[in-house]
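All remarks here apply to the structure that follows.
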Amino acid sequence: MPAPADRNPDQQSRATAAHGHARAARRQLLNAQADQLCRDIVGESPQRRSLADLSYRLADLVPGLTPNRAEMERERGRRQAAKEGFEIDQGIAYSALLRSGAGGDLLRSQRLPTDEARSRLPEFQRTGVVEMPVVSVRRTDGVAEITVANQRYLNAEDEPLGEQLEVAVDLALLDPGVRVGVMRGAVMEHPRYAGRRVFNSGINLTLLCAGQIPFLGFVMQREMGYLSKIQRGLWDPRQEVDPTARGGKPWVAVVDGFAIGGGMQLMLTFDYVIGLDTAYFTLPAAREGIVPGAANLRLGRLLGPRLARQVLLGGRRIAARDPVAALLCDVVLDEDGVDDAVDDAVHAMDNPAVVANRHMLTAFEETEDQFRGYLAEFAEVQVQRLYSRDVLHRLEQQWMQRQR
């Protein structure tokens, strides 16, 4: 059959029917064998493998259950609207794997340090600095300051940025010389924001339209990787991490400019948030047609159910000067007071009792099983949204506008 973009209506109808029959069979198999399959791909000896690599292991174990590496390489060269939709099969599989009895092992395996972080750790401990293309981390007096500088896209998130952020977070957590982590956006060079800092402008819609935002490599890896590590720390089955930091370390966010979409999601994982009085926060996912990560799980705890629905379903934008911003930020101030506010926050967070209490808060405010159950549902709902007609139509319109 021709590639999706070259099919006539009859061919597309037959392809859709074939996918539907195949997915019903995959669900039936997963319902019966997800637990054992999850154990087989994760293995008994904990080792950090990406979600994409685990999916390829699953494809080798049961050919046809998930797309293999060659199929996904072909998909990666297509715009989102022109893809076959093999990622839907990955979402179906991960939904079942996370729900299985071994789903907790899968979830925890993604909080193991990355190989790149382990290889860079000696350099970081020796020099206190690691520079990557769009993320840097610098240790000073027990504080690891992570700076995000995706200049081309105003700190919008994509797969390379997510990978570099995970390395930076790993380094902060692995190094016993770090007691507190701080994250802030760099000063931008973009003409519209030149000389101003920007925190995070969410998922890179330009790259999503171009088909360059992988579902497993970015969407799921982000939730199960660096966001979970900020919130819960590293998984330490071999007791290799500093025992005082097994539940994680305190984290401070400095929000300049805006926290849009994924940026606002990111805020929800921090222990202390400093907002500039000119900043704003918004979750436009409903307008974009997708699900805003784990914000549906977390935002209601901070804002309450009614206001959370206004943000999640209605796209309400909250300005830092709005009184309700006090539910999102610990302090709101002008730019002149930021450095002192960061020092005060670090001083307050740099306390062994804070480490213990944040661990207890995280462990029972949002249990691992609650998070796993949410992700199991999210995996299939989100991937279906990424290939739904309304989202693809919107992305295709954006692509055509950029070609003019």
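Take -16 as the starting number for the sequence shown in the working numbering and just add one per residue. Every residue, glycine too, gets a C-beta built ideally from N, C-alpha and C.
Does the pairing of the segment 339 to 354 with the segment 59 to 79 give three or more beta-carbon distances under 8 Å?
no
Going by CA-CA distance only, name the one from Leu137, His2, Trp218, Ala309 that's closest to Val181.
Here residue 181 refers to the residue found at position 198 when the sequence shown is read from its first residue. Ranking the options by Cα distance to Val181, first place goes to Leu137.
Within the same chain, show all residues whose beta-carbon is closer than 6 Å to that of Ala85, passing over the 5 residues directly before and after it, in chain order.
Taking the first residue of the sequence shown as position 1, residue 85 is located at position 102. Excluding residues within five positions, the ones whose Cβ falls inside 6 Å are Asp18, Cys21, Arg22.
When you compare only the Cα positions, how much space is there between Arg9 and Arg31?
Position 26 of the sequence shown, counted from the start, is the residue given in the question as residue 9. Position 48 of the sequence shown, counted from the start, is the residue given in the question as residue 31. Between Arg9 and Arg31, the C-alpha separation is close to 26 Å.
Which first and last residues belong to the alpha helix (DSSP H) in which Ser78 is found?
To locate residue 78, count along the sequence shown from 1; it is residue 95. Counting along the chain, the alpha helix (DSSP H) containing Ser78 begins and ends at 70 to 82.
So what does DSSP say about Tyr370, is it helix, strand or coil?
The residue labelled residue 370 in the question sits at position 387 within the sequence shown. The answer is coil: DSSP assigns Tyr370 none of H, G, I, E or B.
Apart from the five residues on each side of it in sequence, which residues of its chain come closer than 6 Å, Cβ to Cβ, to Asp254?
As a working note, residue 254 is residue 271 in the sequence shown. Answer for Asp254: Pro233, Trp234, Arg341, listed in chain order.
Identify whether Phe241 lies in helix, strand or coil by the three-state DSSP scheme.
Position 258 of the sequence shown, counted from the first residue, corresponds to residue 241. Strand, per DSSP.
Assuming Ala236 contacts Met171 under a Cβ cut-off of 8 Å, what Cβ separation, rounded to an integer in Å, is found between them?
Indexing the sequence shown from 1 puts residue 236 at position 253. Indexing the sequence shown from 1 puts residue 171 at position 188. Contact between Ala236 and Met171 fails: their C-beta atoms lie close to 17 Å from each other, not under 8 Å.
Apart from the five residues just before and just after Gly145, which ones in its own chain have a Cβ nearer than 6 Å to its Cβ?
Counting from one through the sequence shown, the residue named residue 145 turns up at place 162. The residues are Phe201, Arg205.
Take Met(-16) and list the residues in its own chain whose beta-carbon comes closer than 8 Å to its own, dropping the five residues that flank it on each side.
Here residue -16 corresponds to residue number 1 of the sequence shown, with the count starting at 1. For Met(-16), where only same-chain residues beyond five positions count, the Cβ hits under 8 Å are Arg(-10), Gln(-6), Arg(-3), Ala(-2).
With burial defined as no fewer than 16 other Cβ atoms inside 10 Å of the residue's Cβ, what is the status of Phe354: buried or exposed?
In the sequence shown, residue 354 corresponds to position 371, counting from 1. Buried.
So Thr130 is in the beta strand (DSSP E); what residue range does that whole segment cover?
The sequence position of residue 130 within the sequence shown is 147, counting from 1. From DSSP, the beta strand (DSSP E) with Thr130 extends over 126 to 131.
So for Thr123, helix, strand or coil by DSSP?
The sequence position of residue 123 within the sequence shown is 140, counting from 1. It is a strand residue.
Once you ignore the five residues that flank Val238 on each side, which residues in its own chain have a CB closer than 6 Å to its CB?
Numbered from its first residue, the sequence shown carries residue 238 at position 255. Cβ within range, chain order: Phe182, Gly258, Ala262.
Quick check: the Cα distance between Ala42 and Arg304, rounded to an integer number of angstroms?
As a first step, residue 42 is located in the sequence shown; it is residue number 59 there, counting from the start. As a first step, residue 304 is located in the sequence shown; it is residue number 321 there, counting from the start. Ala42 and Arg304: Cα-Cα distance of roughly 51 Å.
Taking 7 Å as the cut-off, does the CB of Gly3 come closer than this to any heavy atom belonging to the ligand MN?
Ligands are entirely absent from the displayed structure, and the ligand MN is therefore not among its contents.
With a threshold of 16 other CB atoms inside 10 Å of the CB of Ser28, please say whether the residue is buried or exposed.
The residue labelled residue 28 in the question sits at position 45 within the sequence shown. The residue in question, Ser28, is exposed, as its Cβ has fewer than 16 Cβ neighbours within 10 Å.
What's the call for Ala278, buried or exposed, on a 16-neighbour Cβ count within 10 Å?
Taking the sequence shown and counting its residues from 1, one reaches residue 278 at position 295. Buried, by the Cβ-count rule.
Below 8 Å CB to CB, which residues in the same chain sit around Val117 once its five sequence neighbours on both sides are set aside?
Against the sequence shown, residue 117 aligns to sequence position 134. Excluding residues within five positions, the ones whose Cβ falls inside 8 Å are Val131, Ala132, Asn133, Gln134, Pro143, Leu144, Gln147.
Which value, in whole angstroms, describes the spacing of the CA atoms of Asp36 and Ile196?
By 1-based counting over the sequence shown, the position of residue 36 is 53. By 1-based counting over the sequence shown, the position of residue 196 is 213. Approximately 16 Å between the Cα atoms of the pair.
Ignore the nearest five residues each way along the sequence and tell me which others in Arg179's own chain have a CB closer than 8 Å to its CB.
By 1-based counting over the sequence shown, the position of residue 179 is 196. Excluding residues within five positions, the ones whose Cβ falls inside 8 Å are Val170, Met171, Asp239, Gly240.
Starting from Met166, trace the beta strand (DSSP E) in both directions and tell me its first and last residue.
Here residue 166 refers to the residue found at position 183 of the sequence shown. Unbroken beta strand (DSSP E) run through Met166: 163 to 168.
Could you check if Asp322 is buried or exposed, using at least 16 other CB atoms within 10 Å of its CB as the buried criterion?
In the sequence shown, the residue the question calls residue 322 occupies position 339. With fewer than 16 Cβ atoms within 10 Å of its Cβ, Asp322 is classed as exposed.
Take Gly47 as the anchor and find which of Gln293, Ala65, Ile71 has the nearest alpha-carbon.
Locating residue 47 in the sequence shown gives position 64, counting from the first residue. The residue with the shortest Cα to Cα distance from Gly47 is Ile71.
Considering only the beta carbon of each residue, do Gly194 and Asp333 sit closer than 8 Å?
Taking the sequence shown and counting its residues from 1, the one referred to as residue 194 is at position 211. Taking the sequence shown and counting its residues from 1, the one referred to as residue 333 is at position 350. The answer is no: Cβ separation not under 8 Å.
Anyone know if the C-beta pair for Val294 and Leu285 falls short of 8 Å?
Taking the first residue of the sequence shown as 1, we reach residue 294 at position 311. Taking the first residue of the sequence shown as 1, we reach residue 285 at position 302. Cβ atoms of Val294 and Leu285: not closer than 8 Å.
As an exercise, report each continuous beta strand (DSSP E) stretch of at least 3 residues that is fully enclosed by the segment 307 to 359, in chain order.
For the segment 307 to 359, whole beta strand (DSSP E) runs of length 3 or above, ordered along the chain, are 314 to 316.
What separation, rounded to the nearest whole angstrom, lies between the Cα atoms of Gln365 and Gly216?
Reading the sequence shown from its first residue, position 382 is the one you call residue 365. Reading the sequence shown from its first residue, position 233 is the one you call residue 216. Cα to Cα, the separation comes out at about 25 Å.
Rounded to whole angstroms, what's the CA-CA distance from Tyr370 to Ser184? Just pull it up for me.
Taking the first residue of the sequence shown as 1, we reach residue 370 at position 387. Taking the first residue of the sequence shown as 1, we reach residue 184 at position 201. Near 22 Å, if we compare the C-alpha coordinates of Ser184 and Tyr370.
How big is the Cα-Cα spacing for Asp313 and Leu251?
The residue you call residue 313 lines up with position 330 of the sequence shown. The residue you call residue 251 lines up with position 268 of the sequence shown. Those two C-alpha atoms are separated by around 12 Å.
Would Arg270 be called buried (16 or more neighbouring beta carbons within 10 Å of its own) or exposed?
Position 287 of the sequence shown, counted from the first residue, corresponds to residue 270. Exposed, by the Cβ-count rule.
Work out the CA separation of Ile301 and Ile243 for me, nearest whole Å.
Position 260 of the sequence shown, counting from 1, holds the residue named residue 243. Position 318 of the sequence shown, counting from 1, holds the residue named residue 301. Looking at the two C-alpha atoms, the distance is approximately 10 Å.
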